[in-house]
Structure formats: structure tokens, C-alpha cells
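Engineer: Let me give you the structure first, and then I'll get to my questions.
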Amino acid sequence: MDKGIYVGLDIGSISSEALLLSDERILSYSIIATGPNPHRASRECLKEALSKGGVSEESILRVVATGYGRISVPFKTREVTEITCHARGSHFLFPRTRTVIDIGGQDSKVITLDERGKVTDFVMNDKCAAGTGRFLEVMARALEVELSKMGERALKAKKGVSITSMCTVFAESEVISLIAEGLEVEEILRGLHESIARRIFRMARRLRVRGEITISGGVAKNEGIVEALKSLFGMEINIPNEPQIVGALGAALLAREMS
Ligand SMILES: Nc1ncnc2c1ncn2[C@@H]1O[C@H](COP(=O)(O)OP(=O)(O)OP(=O)(O)O)[C@@H](O)[C@H]1O
Ligand SMILES: [Mg+2]
391 MDKGIYVGLD IGSISSEALL LSDERILSYS IIATGPNPHR ASRECLKEAL SKGGVSEESI
451 LRVVATGYGR ISVPFKTREV TEITCHARGS HFLFPRTRTV IDIGGQDSKV ITLDERGKVT
511 DFVMNDKCAA GTGRFLEVMA RALEVELSKM GERALKAKKG VSITSMCTVF AESEVISLIA
571 EGLEVEEILR GLHESIARRI FRMARRLRVR GEITISGGVA KNEGIVEALK SLFGMEINIP
631 NEPQIVGALG AALLAREMS
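Counting from 1, position 190 in the sequence shown corresponds to residue 580 in the working numbering; the numbering is continuous, with no gaps.
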């Protein structure tokens, strides 16, 4: 019979993750697209993580769910906010983290934490797509660039074009006019990445940022954003090997700690 395991589920607006934890280590994880049905996504990502880890559903002791779709998880023991989970997960991976930047599909957040990984403060942008992964997805489509290559291409330009529109819809038409004017895709991309990074940086300045910074969420896979943030903050930033599972990791750690 399997030993008991703890599950963290992060049901985001774009991706859903399940992570399985034993008393000793991370057993497995899965990342899938959330799609239109968060309830189904929660079941599917759990199923995939169980099969990857070679563990049975019966060995699950507790499930902590997070992310905007956490209410749709029927088999959870408890719900915890993304703020707490990203802080906990980042602190586990990089114990000296005192600031977490989570850039997901529909919102971005900056969180400060103490030496034990407890949240001390946070700021969040969830009112507008600018400064989120969704903005990058819209621009990738407008410029006909692959999402996973856009950051790398942005870094190829020496200088970014200044993008004046603050709104995703207006920025998209601005980008289309810039292409028509004959500007290089790389320069436009660089300008777009710099504008998102500046938004995040301005948000972070509302908090007392100190100690190490860790970045989580899917946009951490975009080198263009990470490099622009490093230069604005004037310091290195910790990047997890798999930034999309940080929330699910935090949730699983909290499930293990619950009594
Ligand atoms: N391979 C990749 N390269 C570059 N960017 C990526 C890659 N994979 C995902 N992204 C970016 O990550 C975003 C999704 O991030 P994430 O999976 O953390 O979102 P989410 O948790 O579902 O959203 P939210 O937390 O806002 O509900 C996408 O919009 C995209 O911009
Ligand atoms: Mg998320």
C-alpha cells in the first residue's frame, strides 16, 4: 500500500497544475490548459499527476486548492489564496526570497514575505490585461510570433520602440500601425516587454522590496520580461526550474502542514 500523499492544485485562468508531495519529497506534477471547465481541469490534472507519480487516489490525505478556479474543485480539503501559495512555494524553493513577482494569465502580483515565508504585504493588478500573460498572448498573435519565442526575439533588438497605449486593445492597434510603418518586429517586441516590466516595477515600488526576488507564474518563462525586470530592479531574480508549479507547490506544502 502507498504511503499517504498531499496534493496541491492551482486552477488558474490559463493553466491548471497538480503537485503531489510525500512526507519527504515532490513525487510528481502536471500542467494542463484550464480550458472552459475548471472543474474538469482539476480532475484531469490530478489524474495526470497521480499516473506520473505511480500513486493511487486512495493514498491522498489532504488536498489544498488555489487559483481563481479553486471554488470549482469538489474534492478539496481547503481553499487557500494564490498570494499565500505563491509565497509559500517560492520560499520553499529559494528560502531567502522576500519578494515574489507572480505574473499569470489574467493578473499580476507582487508579494512581500518574512523569513518564514509568511505574507507581509501584496499589490495586485487584476482589473486590466495590460501587464499580464494575456497581453503577451494578444501581442504574439498580432505580430505572428510564437509565444515561447517572443521574449528571446525581444532581446535581439538593441532598443525598444516606445509603446504609448496603456490598454491592451489600443496597444494592439498601435502595434499593427508600427508594423505598417516598417518597424522591426524585434524592436516592437522589446518595447512591449519593457512596458510590461515597467508596470510590474511601478506596482512593486508601492511595497518595501528587499532581500531576494523570486518570479513565478508562466510569464517567468519569458526571458524578455525577466531581463527587463532584472535591469529595472538592478539585481538578479531567482527563476524556478518550472515557474508554473510554484502555486501548486505552495498549496501542497500547506496541505502537508495542516493538522
Ligand atoms: N513557454 C512559455 N514561454 C513564454 N511565456 C509563457 C510560456 N508558457 C506560458 N507563458 C505565459 O504564461 C501565461 C500563463 O501563466 P500561468 O500559467 O501562470 O497563468 P494562470 O495561473 O493560469 O493565470 P492566473 O494566475 O492569472 O489565473 C501565458 O499567458 C503566457 O504569457
Ligand atoms: Mg496563476
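Glycine included, C-beta positions come from ideal geometry on N, C-alpha and C.
(1) Taking the alpha carbon of residue 491 as the reference point, which residue from 558, 595 and 444 has its own alpha carbon closest?
(2) Got a sec: does ligand 1 put a non-hydrogen atom nearer than 7 angstroms to the Cβ of residue 497?
(3) Reducing DSSP to helix, strand and coil, say where residue 611 ends up.
(4) So does residue 494 have its beta carbon nearer than 7 angstroms to some heavy atom of ligand 1?
(5) May I ask you to list the residues that DSSP assigns as paired with residue 509?
(6) Assess contact between the stretch 601 to 614 and the stretch 538 to 547, defined as three or more Cβ pairs (one per stretch) separated by less than 8 angstroms. Is contact present?
(7) Excluding five sequence neighbours on each side, which residues of the same chain lie with their C-beta closer than 8 angstroms to the C-beta of residue 623?
(8) State the Cα-Cα distance for the pair residue 597 and residue 393, rounded to the nearest angstrom.
(9) Rounded to a whole number of angstroms, what is the C-alpha to C-alpha distance between residue 619 and residue 520?
(10) Compare the Cα-Cα distances from residue 495 to each of 515, 485, 509 and 483 and report the closest residue.
(11) So, does the stretch 635 to 642 touch the stretch 477 to 486, judging by three or more C-beta pairs under 8 angstroms?
(12) Under the three-state reduction of DSSP, which class applies to residue 531: helix, strand or coil?
(13) Rounded to whole angstroms, what's the CA-CA distance from residue 416 to residue 644? Just pull it up for me.
(14) When you measure from the CB of residue 472 to every non-hydrogen atom of ligand 2, does any distance come out below 7 angstroms?
Structural biologist: In short:
(1) Your numbering for residue 491 matches position 101 in the sequence shown. The option with the nearest alpha carbon to residue 491 is 595.
(2) Numbered from 1 along the sequence shown, position 107 holds the residue referred to as residue 497. Under cutoff, so the answer is yes.
(3) Your numbering for residue 611 matches position 221 in the sequence shown. DSSP places residue 611 in helix when its eight states are reduced to three.
(4) The count along the sequence shown starts at 1 and reaches residue 494 at position 104. At least one heavy atom of ligand 1 is nearer than 7 angstroms to the Cβ of residue 494, so yes.
(5) Reading the sequence shown from its first residue, position 119 is the one you call residue 509. Paired residues: 503.
(6) yes
(7) Looking up residue 623 in the sequence shown gives position 233. Within the same chain, residue 623 has close Cβ partners 591, 594, 599 and 603.
(8) Locating residue 597 in the sequence shown gives position 207, where the first residue counts as 1. Locating residue 393 in the sequence shown gives position 3, where the first residue counts as 1. For residue 597 and residue 393, the distance between alpha carbons rounds to 42 angstroms.
(9) Within the sequence shown, residue 619 is the residue found at index 229, counting from 1. Within the sequence shown, residue 520 is the residue found at index 130, counting from 1. When rounded, the distance between both Cα atoms is 16 angstroms.
(10) Taking the sequence shown and counting its residues from 1, one reaches residue 495 at position 105. Of 515, 485, 509 and 483, the residue nearest in Cα terms is 515.
(11) yes
(12) The count along the sequence shown starts at 1 and reaches residue 531 at position 141. Here residue 531 sits in helix by DSSP.
(13) What you label residue 416 is simply residue 26 of the sequence shown in a count that begins at 1. What you label residue 644 is simply residue 254 of the sequence shown in a count that begins at 1. The C-alpha of residue 416 lies about 13 angstroms from the C-alpha of residue 644.
(14) For the purposes of this step, residue 472 is taken as the residue at position 82 of the sequence shown. Yes.
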